[in-house]
Amino acid sequence: QVQLVESGGGLVQAGGSLRLSCTASGNIFRFYTMAWYRQAPGKQQRELVARITTGRNTIYADSVKGRFTISRDNAKNTVYLQMNSLKPDDTAVYYCNRAPGDVLLPWGQGTQVTVSS
């Protein structure tokens, strides 16, 4: 069973940057469109932040467009999220998984991102 492990979160001041990583076990990562999601404090739903296809086409939520960049390294079974110009509203637990509409993998533990004002 594929396992997802997110890392790279932390506490950063507004305007700062972080780079998140998500590594998947197994050898089928390269066949999946992958996505980053986030769950803000007090919210039950996870919000789609960005997705990247196997052909490296990308789509972003309006709230992060121009600030976040999703990328992938199939050789390392890893998807990244470069986050620049962070805002307090970006505070959330960040998760990776397959894209909405696909059969989702078991969720990892996520990585906490906290942006102070």
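By this note's numbering, the letter at position 70 of the sequence shown is numbered 1175, and the numbering carries on one by one without gaps.
Virtual Cβ for every residue (Gly too), placed ideally from N, Cα, C.
Just so we're clear, the structure is a prediction, and the values are computed from it rather than from any experiment.
Taking the CB atoms as reference points, tell me whether R1156 and A1140 lie closer together than 8 Å.
For the purposes of this step, residue 1156 is identified with residue 51 of the sequence shown, where counting begins at 1. For the purposes of this step, residue 1140 is identified with residue 35 of the sequence shown, where counting begins at 1. Taking 8 Å as the Cβ cut-off, R1156 and A1140 qualify as a contacting pair.
Given this structure, state the Cα-to-Cα distance separating S1130 from T1174, to the nearest angstrom.
Working through the sequence shown from its first residue, we reach residue 1130 at position 25. Working through the sequence shown from its first residue, we reach residue 1174 at position 69. Straight-line Cα distance between these residues: approximately 23 Å.
Drop a sphere of 10 angstroms on the beta-carbon of N1132, count the other beta-carbons inside from all chains shown, and report buried for 16 or more, exposed for fewer.
Here residue 1132 refers to the residue found at position 27 of the sequence shown. Exposed, because fewer than 16 other Cβ atoms sit within 10 Å of the Cβ of N1132.
Beta-carbon separation of L1123 and M1188 under 8 Å?
Stepping through the sequence shown from its first residue, residue 1123 is reached at position 18. Stepping through the sequence shown from its first residue, residue 1188 is reached at position 83. It is a contact, given that the beta carbons lie within the stated cut-off.
Quick check on D1207: does DSSP put it in helix, strand or coil?
Position 102 of the sequence shown, counted from the start, is the residue given in the question as residue 1207. Coil.
Looking at C-alpha atoms only, which residue of V1198, K1192, G1113, C1201 is the closest neighbour of K1170?
Here the question's residue 1170 lines up with position 65 in the sequence shown. Considering only alpha carbons, the answer is K1192.
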